[in-house]
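For the sequence shown, our numbering gives the first residue as 959, with consecutive numbering after it. Backbone N, C-alpha and C define an ideal beta-carbon position, used for all residues, glycine too.
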Amino acid sequence: MKSKKLNIRGQIPSILTICLILVLWQGIAVSGIVPGYMLPSPVAVVKALIADFSLLAMHARYTVVEAFWGLAGGIVIGFLCAVFMDHFDFIYKALYPIIIITQTIPTVAIAPLLILWLGYEMAPKVVLIIIVTFFPISIGLLDGFRSADPDTIRLMKSMGATRIQIFRHIKLPSAMGQFFSSLRISVSYSIVGAVISEWLGGFYGLGVYMTRVKSAYAFDRMFAVIIAISALSLILMWFVDILQKICMPWENIK
């Protein structure tokens, strides 16, 4: 009970800050300092969100599916890259610079090429999401693998443990914290990557819907899409927290 009360108290500052921002936003919109067509009020945004909820839910479903498959591919590729770079130094020297270079290229520049090569369906979106999500996973896991206690590893070797056993019992558990920290970042990147790829082409998705309402200058609906995107990212990050508590129960012991 005490921990729950502390959690609630810890959330009070953020809740108050959000309320203050909403009050200021509503005041600016009502006062006419900024024209309503440029900055709709929170009330207008909520009305647009309620009115278009079914349409937003339909587009959100496509975005979530794209983000799921892209994130799954990013996790697999990031995990494999981290394992091989940790085990083989020459692979680390060969792959690490390339991995860094992939993150220096703007996603907006990559997306048109992927759509040109792979079409307007889901494939280019998934590939773009993989590109933006595998980097945090691979770097986080690699740091976790290399943070394993060297004395424990030497002890395991002296007892005749194989590299697979050392990886399973020492390195992988020591990297779980970094993995979930990286996964939170990748989860948010997956939604953003999906939306960016949908801006440049497609038939469904929140990014496609956003471009349509922007072209119609319906900024209340555009803000509603932004809220939906943020809500999706927060929900997915919440799922990551639950998954971490399940996979790392020792972290919950106080």
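DSSP state of residue i mapped onto helix, strand, coil
i	result
Ser1105	coil
Glu1156	helix
Thr1062	coil
Leu1071	helix
Glu1079	coil
Gly943	As displayed, the chain neither begins before 959 nor continues past 1212, which places residue 943 out of reach and without an answer.
Met996	coil
Ala1174	coil
Gly1163	coil
Met1133	In the sequence under discussion, the amino acid at residue 1133 is Ala, which differs from the Met named in the question. If DSSP states are grouped into helix, strand and coil, Ala1133 belongs with coil.
Gly1151	helix
Cys977	helix
Ser972	helix
Lys1212	Unreliable positioning characterises Lys1212 in this predicted model, as indicated by a pLDDT of 48, which lies under 50. The coordinate reading is nonetheless provided below. Residue state, collapsed to three classes: coil.
Residue range of the alpha helix (DSSP H) that includes residue i
i	result
Leu1201	1177-1205
Thr1120	No alpha helix (DSSP H) contains Thr1120, which DSSP labels as neither H nor E.
Tyr1020	1011-1045
Within 9 Å, strictly: CB atoms of residue i and residue j
i	j	result
Gln1136	Asp1101	yes
Ile1185	Ala1069	no
Ala1002	Ala987	yes
Leu1194	Ile1149	yes
Gly1151	Leu1086	yes
Phe1177	Ala1133	no
Gly1165	Thr1065	no
Val1084	Gly1163	no
Phe1181	Ala1006	yes
Val1183	Tyr1167	yes
Ala1052	Gly1098	no
His1127	Met1117	no
Thr1060	Ile1089	yes
Met1080	Val992	no
His1045	Arg1121	yes
Pro971	Trp983	no
Phe1161	Tyr1054	no
Phe1093	Ile1063	no
Leu1190	Ala1025	yes
message: Could you check whether the region 1006-1018 touches the region 1061-1080, counting it as contact only if at least three pairs of C-beta atoms, one from each stretch, sit closer than 8 Å?
response: The region 1006-1018 makes no contact with the region 1061-1080: fewer than 3 CB pairs, one atom from each, lie closer than 8 Å.
message: Three or more C-beta pairs under 8 Å: does that hold for the region 1134-1149 against the region 1026-1042?
response: Cβ pair count under 8 Å is three or more, so yes.
- request: Assess, as a yes-or-no matter, whether the region 1103-1110 is touched by the region 990-997 under the definition of 3 or more beta carbon pairs within less than 8 Å.
  value: Short answer: they don't touch.
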